[in-house]
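Protein chains in written order, with my numbering: chain A, 12 to 192; chain B, 88 to 386.
Quick reminder that beta carbons are idealized off the backbone N, C-alpha and C, glycines included.
Below is one structure, written out as structure tokens; the observations come after it.
Take a look at the structure:
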């Protein structure tokens, strides 16, 4: 299961504005609080924040809507939290916001079909993530083979990504990107 | 008694120093007459600073200031730029006030607009992205990504008023031609000015100790602009100016910030503004000027 939260709709509910732009900290905070309320109601489901109909997003709002959201939802039982419909300027603002907290998130950009990591992911994590996109779901050994890495190094990277809710670690020792792959 | 404060014939973010020099002690014990009768031209930064001076005088409890308008042709442009409708609220205006409509469709992308809260910032950014995008794309030949960054920078510059000034401020966006410095290239200029507490006071509680005797207006501006430090301890803060800097570095833009008695600028190769000026005449609040050059004309 994956719940899609359209940020343009949340914005309209949170702030009386005719515009589609996510700008200013108070606006970002109001949107974040509403998103957190929705996430609390969907425990154990994956969640996707949909940017498709969002206009401009400034740097402060990227901090309030995405970075602080990740910080404040650490305790929630959301297996995966990702972004979709992200445009280049959204991605850049989000990436810069996440780096300050040492956080990462999976995003599917509007202009490219494949998922990518935004934020401060170590190179190993990025490489393992990229390799896993070819499998969808796999145990560490085939991913290690694809990367020509030792298995423990691959496990470290995949488990790190799972801890950050960028993929799911299953009880059978496989890792899954899910619908984004 | 009335003290006459002459407005320079060309008022921009640099000649603002001359305007400031005429103000005298603050708050002024006598009425100020801001005399623009010989002013021929003003940049959006000059307009915003004039309103800031009026606002600061009103808020300081000084005697109500007066403003002498320039000649009718120039005053007509002031009306078009949205200056006079606000000036009439702050100054006792002398001279014929042209009843000209504010124009948002030509070189004035955003007439002088007051920023009091986050809703005002949303409105300004929304208007710019809806109305001015075509002008930025066609007249300055800016790519979509540059226009988006322009909107982000405008938003962050305006938010500095809401977050840090402690009072209202002003913003204007104009397009004009830099004949000397950029050989006729068009530029878009964002001017933001407030009558608030300034960079030094905003950062004093958290930063002054680190610098000891070296703490000054210039140091405070550099702390925020160059080092991305905010008065808030939240790690997510300070992103506004950092984001503006990244954007300007990519597109050869310029930012100049004046606060108190100092001005600090990040200067691209095409300009020769000194990067750090201290000991200037004091002026209230903070003034931010951002310049984004249009595409180089084809040879």
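(1) Is the region 37-53 of chain A in contact with the region 288-303 of chain B, if contact means three or more CB pairs nearer than 8 angstroms?
(2) Tell me residue 205 of chain B's beta-bridge partners as DSSP assigns them.
(3) Output the distance between the C-alpha atoms of residue 366 of chain B and residue 266 of chain B, rounded to the nearest integer angstrom.
(4) Which residues, in chain order, does the region 179-210 of chain B contribute to contact with chain A at a C-beta distance below 9 angstroms?
(5) Show which residues of chain B have a CB atom less than 9 angstroms away from the CB atom of residue 28 of chain A.
(6) Got a sec: which bits of the region 62-82 of chain A sit with their beta carbon under 7 angstroms from any beta carbon on chain B, in order along the chain?
(7) Taking the beta strand (DSSP E) that residue 8 of chain A falls in, what are its first and last residues?
(8) Going along chain B in order, which residues have a C-beta closer than 8 angstroms to the C-beta of residue 35 of chain A?
(9) Check the Cβ-Cβ distances between residue 38 of chain A and every residue of chain B, and say whether any is below 9 angstroms.
(10) Measure from the alpha carbon of residue 380 of chain B to the alpha carbon of each residue in B/282, B/98, B/261 and B/245, then state which is nearest.
(11) Going along chain A in order, which residues have a C-beta closer than 7 angstroms to the C-beta of residue 235 of chain B?
(12) By the 10 Å Cβ neighbour count, where 16 or more other Cβ atoms means buried, how is residue 133 of chain B classified, buried or exposed?
(13) Are there three or more Cβ pairs, one per stretch, closer than 8 angstroms when the region 90-98 of chain A is compared with the region 114-126 of chain A?
(14) Could you check whether the region 157-172 of chain A touches the region 92-102 of chain B, counting it as contact only if at least three pairs of C-beta atoms, one from each stretch, sit closer than 8 angstroms?
(15) Is the Cβ of residue 329 of chain B closer than 9 angstroms to any Cβ of chain A?
(16) Tell me the rounded alpha-carbon separation between residue 169 of chain B and residue 129 of chain B.
(17) Please name the residue, chosen from B/250, B/264 and B/240, that lies closest to residue 342 of chain B on a Cα-to-Cα basis.
(18) Using the C-alpha atoms, what's the distance from residue 255 of chain B back to residue 70 of chain A?
(19) Cβ of residue 139 of chain A less than 9 angstroms from any chain B Cβ?
(20) If the cut is a Cβ gap below 9 angstroms, which residues of chain B does residue 107 of chain A touch?
(21) Residues in the same chain with beta-carbon distance under 7 angstroms from residue 30 of chain A, minus the five sequence neighbours each way, listed in chain order, please.
(22) Return no unless some Cβ of chain A is closer than 9 angstroms to the Cβ of residue 322 of chain B.
(23) Could you check the C-alpha separation between residue 179 of chain B and residue 148 of chain B for me, to the nearest Å?
(24) Are residue 45 of chain A and residue 24 of chain A closer than 9 angstroms when you measure CB to CB?
(25) List the residues of chain B that residue 135 of chain A touches, going by C-beta distances under 9 angstroms, in chain order.
(26) Identify every residue that forms a DSSP beta bridge with residue 248 of chain B.
(27) For residue 192 of chain A, would you say it is in contact with chain B, using Cβ-to-Cβ distances shorter than 9 angstroms as the test?
(28) Mind listing the chain A neighbours of residue 216 of chain B? Cutoff is C-beta to C-beta under 8 angstroms, in chain order.
(29) Tell me which residue opens and which closes the beta strand (DSSP E) that residue 120 of chain A is part of.
(30) Can you look up residue 128 of chain B in the DSSP assignment and give me helix, strand or coil?
(31) Can you check whether the CB of residue 252 of chain B is closer than 9 angstroms to the CB of residue 347 of chain B?
(32) Contact between the region 273-285 of chain B and the region 226-246 of chain B: three or more CB pairs below 8 angstroms?
(33) Where does residue 192 of chain A fall in DSSP's three states?
(34) Are the CB atoms of residue 87 of chain A and residue 193 of chain A within a distance shorter than 9 angstroms?
(35) Go ahead and pull the three-state DSSP assignment for residue 33 of chain A.
(36) Does residue 103 of chain A come out as helix, strand or coil in the three-state DSSP assignment?
According to the structure shown:
(1) The region 37-53 of chain A is not in contact with the region 288-303 of chain B.
(2) As a position in the second chain, residue 205 of chain B is number 118, starting the count at 1. Partner(s): none; residue 205 of chain B has no beta bridge.
(3) Your numbering for residue 366 of chain B matches position 279 in the second chain. Your numbering for residue 266 of chain B matches position 179 in the second chain. Rounded to whole angstroms, residue 366 of chain B to residue 266 of chain B spans 30 angstroms at the Cα level.
(4) Cβ contacts with chain A: 204, 205, 206, 208, 209 and 210.
(5) For the purposes of this step, residue 28 of chain A is taken as the residue at position 17 of the first chain. Identification of chain B residues near residue 28 of chain A by a Cβ-Cβ cut-off of 9 angstroms yields 206, 209, 210 and 213, ordered along the chain.
(6) So the close ones are 66, 67, 69, 70, 71, 74, 78 and 79.
(7) There is simply no residue 8 of chain A to check, as chain A begins at 12 and stops at 192 in what is shown.
(8) If you number the first chain from 1, residue 35 of chain A lands on position 24. Near residue 35 of chain A (Cβ distances below 8 angstroms), the residues of chain B are 205, 208, 209, 242, 246 and 249.
(9) Along the first chain, one-based indexing puts residue 38 of chain A at 27. With 9 angstroms as the cut-off, residue 38 of chain A counts as an interface residue toward chain B.
(10) On the second chain, position 293 is the one that residue 380 of chain B refers to. Scanning B/282, B/98, B/261 and B/245 for the CA closest to the CA of residue 380 of chain B turns up B/261.
(11) Along the second chain, one-based indexing puts residue 235 of chain B at 148. Within chain A, the C-beta atoms nearer than 7 angstroms to that of residue 235 of chain B come from 67 and 100, in chain order.
(12) As a working note, residue 133 of chain B is residue 46 in the second chain. Looking at its Cβ environment, which holds 16 or more other Cβ atoms inside 10 Å, residue 133 of chain B is buried.
(13) These segments touch.
(14) Because the criterion of three Cβ pairs below 8 angstroms is not met, the region 157-172 of chain A and the region 92-102 of chain B do not touch.
(15) Counting from one through the second chain, the residue named residue 329 of chain B turns up at place 242. Chain A contact via Cβ: present.
(16) If you number the second chain from 1, residue 169 of chain B lands on position 82. If you number the second chain from 1, residue 129 of chain B lands on position 42. Residue 169 of chain B and residue 129 of chain B have their alpha carbons spaced roughly 13 angstroms apart.
(17) Counting from one through the second chain, the residue named residue 342 of chain B turns up at place 255. Closest option to residue 342 of chain B, Cα to Cα, is B/240.
(18) One-based indexing of the first chain puts residue 70 of chain A at position 59. One-based indexing of the second chain puts residue 255 of chain B at position 168. Going by the C-alpha atoms only, they are around 22 angstroms apart.
(19) Counted from its first residue, the first chain places residue 139 of chain A at position 128. With 9 angstroms as the cut-off, residue 139 of chain A does not count as an interface residue toward chain B.
(20) The count along the first chain starts at 1 and reaches residue 107 of chain A at position 96. Think of a sphere of 9 angstroms around the beta carbon of residue 107 of chain A: the chain B residues whose beta carbon falls inside it are 326, 329, 330 and 333, in chain order.
(21) Within the first chain, numbered from 1, the residue matching residue 30 of chain A stands at position 19. Only residues of its own chain outside the window of five on either side were considered, and among them 66 have a CB closer than 7 angstroms to the CB of residue 30 of chain A, listed in chain order.
(22) Your numbering for residue 322 of chain B matches position 235 in the second chain. Flagged as an interface residue toward chain A: residue 322 of chain B, by a C-beta distance shorter than 9 angstroms.
(23) The sequence position of residue 179 of chain B within the second chain is 92, counting from 1. The sequence position of residue 148 of chain B within the second chain is 61, counting from 1. Approximately 15 angstroms, taken between the alpha carbons.
(24) Stepping through the first chain from its first residue, residue 45 of chain A is reached at position 34. Stepping through the first chain from its first residue, residue 24 of chain A is reached at position 13. Yes, they are a contact pair.
(25) In the first chain, residue 135 of chain A corresponds to position 124, counting from 1. Within chain B, no residue comes near residue 135 of chain A; the closest Cβ sits about 24 angstroms away, beyond 9 angstroms.
(26) Along the second chain, one-based indexing puts residue 248 of chain B at 161. Listed as beta-bridge partners of residue 248 of chain B by DSSP are no residues whatsoever.
(27) Sequence index remark: in the first chain, residue 192 of chain A carries index 181 (1-based). With a pLDDT of 42 at residue 192 of chain A, under the threshold of 50, the modelled position of this residue cannot be trusted; read the value that follows with caution. No - not a single Cβ of chain B is within 9 angstroms of the one on residue 192 of chain A.
(28) For this step, residue 216 of chain B is matched to residue 129 along the second chain. Here the neighbours are 30, 32, 66 and 67.
(29) Walking along the first chain from the start, residue 120 of chain A turns up at place 109. Per DSSP, residue 120 of chain A belongs to the beta strand (DSSP E) from 115-120.
(30) In the second chain, counting from the first residue as 1, residue 128 of chain B sits at position 41. It is a strand residue.
(31) By one-based count along the second chain, residue 347 of chain B stands at place 260. By one-based count along the second chain, residue 252 of chain B stands at place 165. Taking 9 angstroms as the Cβ cut-off, residue 347 of chain B and residue 252 of chain B do not qualify as a contacting pair.
(32) The answer is yes - the region 226-246 of chain B touches the region 273-285 of chain B, with three or more Cβ pairs under 8 angstroms.
(33) Taking the first residue of the first chain as position 1, residue 192 of chain A is located at position 181. Because the pLDDT of residue 192 of chain A is 42, which lies under 50, any placement of that residue in the model is unreliable, and the number read from its coordinates should be weighed accordingly. When DSSP states are grouped into helix, strand and coil, residue 192 of chain A belongs to the coil group.
(34) One cannot answer for residue 193 of chain A here, as it falls past the ends of chain A, which runs 12 to 192.
(35) For the purposes of this step, residue 33 of chain A is taken as residue 22 along the first chain, with counting starting at 1. Shown here, residue 33 of chain A sits in a strand according to DSSP, grouped into three states.
(36) Residue 103 of chain A sits at position 92 when you count from the first residue of the first chain. DSSP, read as helix, strand or coil, puts residue 103 of chain A in helix.
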